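Notes follow once the structure below has been shown.
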Amino acid sequence: MPKMKTKSSAKKRFRVRPGGTVKRGHAFKRHILTKKTTKNKRHLRGITAVHETNMASMAQMLPFAGL
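Numbering (our numbering), first residue to last: 18 to 84.
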């Protein structure tokens with residue numbers, strides 16, 4: 018059997034909180050910001066949790082995270 022490996026892209030983008038939820042950053046904040054409104058950019062600040070419907074794929078990408 019091959020070794021189980023953590024997806025390198027997932028380990029850079031997600032962190033598992035003690036309660037079992039996964040935190041992530043917002044998308045659409047990197048470039049082409051001139052046409053986005055100030056309100057839109059403000060709401061993209063900070064972090065949010067990964068939705069529960071995506072937790073199965075998170076557990077697959079991060080097998081050692083205890084999800």
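Positions of the beta carbon are idealized from the N, C-alpha and C atoms, including for glycine.
Please read these numbers as outputs of a predicted model, since none were measured by experiment.
Q: Could you round the C-beta distance between residue 24 and residue 72 to whole angstroms and report it? I think they count as a contact, below 8 Å.
A: Position 7 of the sequence shown, counting from 1, holds the residue named residue 24. Position 55 of the sequence shown, counting from 1, holds the residue named residue 72. No, residue 24 and residue 72 are not in contact; Cβ-Cβ is about 15 Å, not under 8 Å.
(Q) Using only CA atoms, which one of 51, 48, 27, 52 lies nearest to residue 41? (A) Position 24 of the sequence shown, counted from the start, is the residue given in the question as residue 41. Answer by Cα proximity: 27.
**Q.** Closest Cα partner of residue 64 within the set 22, 18, 34
**A.** Residue numbering aside, residue 64 sits at position 47 when the sequence shown is read from its first letter. Considering only alpha carbons, the answer is 34.
Q: Assign residue 21 to buried or exposed, taking buried as 16 or more other Cβ atoms, counted over all protein chains shown, within 10 Å of its Cβ.
A: Numbered from 1 along the sequence shown, position 4 holds the residue referred to as residue 21. Exposed is the call here.
(Q) Can you tell me which residues form a DSSP beta bridge with residue 41? (A) Taking the first residue of the sequence shown as 1, we reach residue 41 at position 24. Partner(s): 65.
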